[in-house]
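S.K.: Please find one structure pasted underneath; my questions will follow.
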Amino acid sequence: MNNNLTPAATVLVLRDSEDGMEVLMVKRSKKPPFGNLYVFPGGKIDEGELILDAANRELQEEIGFKSTMLKHIYTLDLAPGYIDHKTYIILAEGLSPSKLPGDEPEELIIEKCAKQNLSSFLNENKNIDSRALAALYI
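Residues in the sequence shown are numbered consecutively from 22, following our numbering.
In structure tokens:
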């Protein structure tokens, strides 16, 4: 097994809107490897970077918000024994606008879904990242 662990942060984003609580996701590029996949903001944790700092950086790069309330809620081991990778699921609340330049090759599409409509959204969209699905059910 490869001992070069590449940790990543996936950020479950909840925002209080005029219509109640909503979940924010990102619709990725049509190009491989993403193919219009819905994901939560996230990415690689840089060497020496703290998990919550990485999560807040990714929020600002990918959806243009920063969070004042970040909480590590779960660690996913995707396929122990096969894939040497951990994804840290972070809950982000207390959002305010803040944009950092990111490393994405094209503009990301932000998808907003009212919390009460989440089941319908998941039934209608089958192109959802497995880590995002897992985060929603934790």
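No residue lacks a Cβ here, since even glycine has one placed at the ideal position from N, Cα and C.
(1) Given this structure, state the Cα-to-Cα distance separating Gln137 from Leu45, to the nearest angstrom.
(2) Could you please give me the residues that DSSP links to Lys48 through a beta bridge?
(3) Can you grab the Cα-Cα spacing for the pair Lys120 / Pro101, in whole Å?
(4) With Asp98 as the anchor, note down where its beta strand (DSSP E) starts and where it stops.
(5) Starting from the C-beta of Glu127, find all residues in its chain whose C-beta is less than 7 angstroms away, skip the five residues before and the five after it, and write them out in chain order.
(6) What number of angstroms, rounded off, separates the C-alpha of Arg152 from the C-alpha of Leu58?
(7) Flag this pair as touching only if the segment 71 to 79 and the segment 133 to 150 have three or more C-beta atom pairs under 8 angstroms; answer yes or no.
(8) In terms of residues, what are the limits of the alpha helix (DSSP H) holding Ser140?
M.R.: This is what the structure holds:
(1) What you label residue 137 is simply residue 116 of the sequence shown in a count that begins at 1. What you label residue 45 is simply residue 24 of the sequence shown in a count that begins at 1. For Gln137 and Leu45, the distance between alpha carbons rounds to 13 angstroms.
(2) Locating residue 48 in the sequence shown gives position 27, where the first residue counts as 1. Lys48 pairs with Tyr59 and Ile130.
(3) If you number the sequence shown from 1, residue 120 lands on position 99. If you number the sequence shown from 1, residue 101 lands on position 80. If I take the Cα positions, the gap works out to 35 angstroms.
(4) For the purposes of this step, residue 98 is taken as residue 77 along the sequence shown, with counting starting at 1. That run of the beta strand (DSSP E) goes Phe86 to Ala100.
(5) Residue 127 sits at position 106 when you count from the first residue of the sequence shown. Closer than 7 angstroms at the Cβ level, and outside the excluded window around Glu127, lie Ser50.
(6) Along the sequence shown, read from residue 1 onward, the residue named residue 152 stands at position 131. Along the sequence shown, read from residue 1 onward, the residue named residue 58 stands at position 37. Whole-angstrom Cα-Cα distance: 11 angstroms.
(7) no
(8) Sequence index remark: in the sequence shown, residue 140 carries index 119 (1-based). From DSSP, the alpha helix (DSSP H) with Ser140 extends over Leu139 to Glu145.
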